[in-house]
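Each residue of the sequence shown is one higher than the one before, starting from 94 at the first, in my numbering.
Positions of the beta carbon are idealized from the N, C-alpha and C atoms, including for glycine.
Please read the structure below before turning to the comments.
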Amino acid sequence: MEIINRRKRMMSVARRLRREENRTIGFVPTMGALHEGHLSLIHEARAMCDVVVVSVFVNPAQFSPAEDFASYPRDLTRDSALLAEYNVDYVFAPTVEEIYPPGFSSYVTVAGLSDQLEGASRPEHFRGVTTVVAILLNVVKPDFAFFGQKDAQQVILIKRMVRDLAFSAEIVVVPIVREESGLAMSSRNNYLNDEQRRAGAVLSQALLKAREAYEGGEHSAARLLELVRGTIEKEPLARIDYVSVNDAETLEKPEKIDDRPALVSLAVFIGNTRLIDNVVLGKAKGNVAAEANA
Ligand code: AMP
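If you want it as structure tokens, here you go:
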């Protein structure tokens, strides 16, 4: 396994793999602090591709000034050891200057999809995400790029960006990996103490209730929202940021969940830690993002 810090080196290695060795490249972008959620993406990439490239880059552009960029957990030594164990071929771990050289001034925005849900609470967040993913896709030029359903809106935006701007990578969406309690794995779970971790399980419990109600015939978005909110509000340590039902592709808000898959997503504070989770309800027609939770 080689650790690469320079974008030029990463570009030339990837070019050689593609052109001279004719090997398929699977790419998994991460911010490090790896857990089993990340590892399932890598596992999928390993199964589908000849070569696996994982990036570890805490992207300043997707954090607002009040967020945890400075304190976000970083441990490249531990991450590299895990990645070597998982037979990753290349780790791309650039510095901030390597990704955003002096004078950097080009950004990618997916209009209409980036200012609601996560975007409403975190202005600029998705501009940072789509910009860094665009850069990374241009550096690595993978055949397949792997993203987690955990960040459902991110997946929707990236798929739209890749289609609109004709990136050649195919986007593969991997289901949410959860702890035994149901809590979706996240690097930010490291911030939770034992009691908060227990309380964090209410997010997935509420979503599970919504799924059960939907499967029992409740298709009204308002009533499903009420059910999710009501469940979370019973947990004293939880404070809701948002709960929402949206079309799983366009993010429009349906009154009833009928013929198109719907994304039920939420963000909840447990103490100072903001957790997100989601479930997709309804039949997916070849939409991988929607199938991921099926
Ligand atoms: P991050 O390091 O948080 O930027 O995450 C890197 C990738 O891992 C993203 O595509 C995430 O959606 C994915 N990911 C993070 N947590 C999970 C999880 N619990 N299950 C599946 N994928 C995840």
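query: Coarse secondary structure for K376, derived from DSSP in three states; result: coil
query: Local Cβ density within 10 Å of D244, reported as buried at 16 or more and exposed below that; result: buried
query: N231 - containing alpha helix (DSSP H), residue span; result: H218 to V233
query: Where the alpha helix (DSSP H) containing L301 begins and where it ends; result: V295 to E308
query: Status (buried if at least 16 other CB within 10 Å, exposed otherwise) for T324; result: buried
query: Three-state class that DSSP yields for S337 in the structure shown; result: strand
query: Reference G125, options V338, N152, V295 and V361, closest by Cα; result: N152
query: Alpha-carbon spacing of A213 relative to I369, whole angstroms; result: 14 Å
query: V147 vs L176 beta-carbon contact at 8 Å; result: yes
query: CA-to-CA distance, A303 to V321, given in whole angstroms; result: 6 Å
query: Environment of F185 [buried if 16+ CB atoms lie within 10 Å]; result: buried
query: For Y284, three-class secondary structure by DSSP; result: helix
query: The ligand AMP heavy atom lying under 7 Å from the CB of M254; result: no
query: For R271: DSSP bridge partner residues; result: A277
query: Length of the line joining the Cα atoms of P194 and N231; result: 15 Å
query: Every unbroken beta strand (DSSP E) within the stretch 144-190, with a cutoff of 3 residues, ordered by chain; result: 144-149 and 183-185
query: First and last residue of the uninterrupted alpha helix (DSSP H) at I350; result: First-last for I350: undefined, no H or E at that position.
query: The ligand AMP heavy atom lying under 7 Å from the CB of L134; result: yes
query: heavy atom of the ligand AMP below 7 Å from A314 C-beta; result: no
query: Burial state of F197 (16 or more Cβ within 10 Å); result: exposed
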